[in-house]
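S.K.: All residue numbers for the sequence shown refer to UniProt numbering, where the first residue is 1 and numbers rise by one.
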Amino acid sequence: MSKKIPLPLDDDDDVLAQRIAETATQRGIPSLTPAPAAPSPASAGTRRPIKIEVSDPLFEALTVAAAKQKVTKRYLILSALRDAGYPVEDTDFQEDGRRLRGSRKS
Numbered sequence: 001m002s003k004k005i006p007l008p009l010d011d012d013d014d015v016l017a018q019r020i021a022e023t024a025t026q027r028g029i030p031s032l033t034p035a036p037a038a039p040s041p042a043s044a045g046t047r048r049p050i051k052i053e054v055s056d057p058l059f060e061a062l063t064v065a066a067a068k069q070k071v072t073k074r075y076l077i078l079s080a081l082r083d084a085g086y087p088v089e090d091t092d093f094q095e096d097g098r099r100l101r102g103s104r105k106s
């Protein structure tokens, strides 16, 4: 049998949680909560919104092209900027969580 070391229980919750985490790591006990993922270098940069106003014909043309290609207008604009030589990364094209167009039955 192992000797039990009495530990003070009047410590702050954060101190106790840290002690538990250290003990679990030392003994190779897996955690129930995943470790926070380190941000990737590409996504570490800040993202800032940009808003533009366009004419009705351009808006309609973007809407139609986006619908035909089943992409967003944002995707079309970012693709055009990348094609023009601007530094658009693949991470800039991340999904926004909306459903793909055309996935619903008409």
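For each residue, glycine too, the CB sits at the ideal point set by N, CA and C.
Nearest to PHE93 by CA position, among ASP83, GLY85, SER79 and TYR86, is which residue?
M.R.: The residue you call residue 93 lines up with position 93 of the sequence shown. Out of ASP83, GLY85, SER79 and TYR86, SER79 has the C-alpha closest to the C-alpha of PHE93.
S.K.: Apart from the five residues just before and just after VAL88, which ones in its own chain have a Cβ nearer than 7 Å to its Cβ?
M.R.: Taking the sequence shown and counting its residues from 1, the one referred to as residue 88 is at position 88. For VAL88, where only same-chain residues beyond five positions count, the Cβ hits under 7 Å are LEU78, LEU81 and ARG82.
S.K.: How long is the line joining the alpha carbons of SER55 and TYR75, rounded to whole angstroms?
M.R.: Indexing the sequence shown from 1 puts residue 55 at position 55. Indexing the sequence shown from 1 puts residue 75 at position 75. For SER55 and TYR75, the distance between alpha carbons rounds to 19 Å.
S.K.: How is TYR75 classed by DSSP in three states: helix, strand or coil?
M.R.: Numbered from its first residue, the sequence shown carries residue 75 at position 75. Note: TYR75 maps to helix in three-state DSSP.
S.K.: Quick one: measure Cβ to Cβ for ALA37 and SER31, integer angstroms, because I've assumed they're closer than 8 Å.
M.R.: If you number the sequence shown from 1, residue 37 lands on position 37. If you number the sequence shown from 1, residue 31 lands on position 31. At roughly 14 Å, the Cβ-Cβ gap does not stay under 8 Å, so ALA37 and SER31 are not in contact.
S.K.: Report, in whole angstroms, the separation of the C-beta atoms of ALA66 and LYS73, which I expect to be a contact under 8 Å.
M.R.: Against the sequence shown, residue 66 aligns to sequence position 66. Against the sequence shown, residue 73 aligns to sequence position 73. Confirmed, about 5 Å.
S.K.: Classify VAL88 as helix, strand or coil using the three-state DSSP reduction.
M.R.: Here residue 88 refers to the residue found at position 88 when the sequence shown is read from its first residue. Three-state DSSP puts VAL88 in coil, outside helix and strand.
S.K.: Would you report the Cα separation of ASP14 and LEU58, rounded to the nearest angstrom?
M.R.: Working through the sequence shown from its first residue, we reach residue 14 at position 14. Working through the sequence shown from its first residue, we reach residue 58 at position 58. Taking the straight line from one Cα to the other gives about 56 Å.
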